[in-house]
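Everything on this sheet refers to the single structure shown next.
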Amino acid sequence: CAALVARQCPALRALNLSGCDFVTGEGLRLLATGLIYLEDTSFCRLNRLTDEDIFALVSSRSSTLKQVALSMCDNITTQAAVTLCLQCKLTSLNISSCKGVNAVGLFRQVADQSDREAPLSELTVLNVKNCGEMNDEGLRLLLEPNCCGARNLELLYVGGSKIISYVTEDAKFGEFLPKQQGVGHKVTDAGLAR
Numbered sequence: 001c002a003a004l005v006a007r008q009c010p011a012l013r014a015l016n017l018s019g020c021d022f023v024t025g026e027g028l029r030l031l032a033t034g035l036i037y038l039e040d041t042s043f044c045r046l047n048r049l050t051d052e053d054i055f056a057l058v059s060s061r062s063s064t065l066k067q068v069a070l071s072m073c074d075n076i077t078t079q080a081a082v083t084l085c086l087q088c089k090l091t092s093l094n095i096s097s098c099k100g101v102n103a104v105g106l107f108r109q110v111a112d113q114s115d116r117e118a119p120l121s122e123l124t125v126l127n128v129k130n131c132g133e134m135n136d137e138g139l140r141l142l143l144e145p146n147c148c149g150a151r152n153l154e155l156l157y158v159g160g161s162k163i164i165s166y167v168t169e170d171a172k173f174g175e176f177l178p179k180q181q182g183v184g185h186k187v188t189d190a191g192l193a194r
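Counting with my numbering, you get residues 1 to 194 for the letters of the sequence shown.
Structural data, given as structure tokens:
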């Protein structure tokens, strides 16, 4: 089936296989090699997917992937998320409720391993709900230009709440306007004021 889609729809730009319980890494690899324009992927709740499958997807599609949703994929770890962040120019990443992903660890590894300044500068949407405890250090790593540099965020989901970042050309770095109070976890006022 995957080979048929890749062969018959080579111009496909978006693919949503969320909840397709029988999709395996092998099928994903077949799709990735044939869909050369693939930009937007949603593989939520695909518990057969592993880090190796994500590595294979990135190695074949890193130049085109812009939006990736992997929420509730139990076998995906921080390392797969790091690879996505470092190898792709993502505008949207949803890794919420991936049991093996730690958001603060992700931001630390991306900042430490990146060979380019602000590797997440194109990111506008990030969902890391239920990916370990978020804290001020995590926000600092995510936002500072010499770390991840995600200064263009429009939507940021952490903990159990949503934070909306209104960033304009004249806005100062890190100004947040919480849409909801009680961000949860260990984010403090000082962290939000950065």
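A virtual CB, placed ideally from N, CA and C, is assigned to each residue, including glycine.
For the candidate residues the options, whose alpha-carbon lies nearest to that of residue i?
i	options	result
residue 50	60, 23, 37	23
residue 88	112, 41, 63, 69	63
residue 114	20, 83, 47, 40	83
residue 86	70, 123, 71, 127	123
residue 196	27, 40, 142, 95	Because residue 196 is not part of the residues shown, which for the chain are 1 to 194, the question remains open.
residue 96	156, 148, 54	156
residue 65	92, 148, 5, 73	92
residue 74	136, 48, 68, 18	48
residue 116	8, 147, 12	147
residue 98	90, 76, 112	76
residue 121	139, 90, 20, 4	90
residue 54	71, 34, 72, 25	25
residue 251	4, 20, 126, 29	This structure does not reach residue 251, given that the chain is present from 1 up to 194, and the question cannot be answered.
residue 101	72, 6, 140	72
Which residues mark the beginning and the end of the beta strand (DSSP E) in which residue i is found?
i	result
residue 14	14-16
residue 40	40-42
residue 84	Unbroken run through residue 84 is the alpha helix (DSSP H), 78-87; no beta strand (DSSP E).
residue 69	67-69
residue 93	92-94
What does the alpha-carbon distance come out to for the pair residue i and residue j?
i	j	result
residue 52	residue 58	10 Å
residue 38	residue 10	9 Å
residue 36	residue 61	7 Å
residue 94	residue 44	9 Å
residue 145	residue 81	19 Å
residue 149	residue 31	31 Å
residue 218	residue 158	Because the chain is modelled from 1 through 194, residue 218 falls outside the range shown and cannot be assessed.
residue 27	residue 118	33 Å
residue 41	residue 69	6 Å
residue 153	residue 128	13 Å
residue 34	residue 67	18 Å
residue 16	residue 29	15 Å
residue 137	residue 13	36 Å
residue 112	residue 6	36 Å
residue 79	residue 56	13 Å
residue 18	residue 151	29 Å
residue 140	residue 126	15 Å
At which residues does the alpha helix (DSSP H) containing residue i begin and terminate?
i	result
residue 21	Per DSSP, residue 21 belongs to no alpha helix (DSSP H) and is neither H nor E.
residue 46	Segment: none, residue 46 is in no alpha helix (DSSP H) and carries neither H nor E.
residue 34	25-34
residue 51	51-61
Report yes or no: do three or more beta-carbon pairs, one from the region 127-139 and one from the region 102-118, lie closer than 8 Å? yes
Exercise. At what residue ranges does the region 102-163 contain a whole run of the alpha helix (DSSP H), taking only runs of 4 or more?
Worked result: 103-113, 136-143
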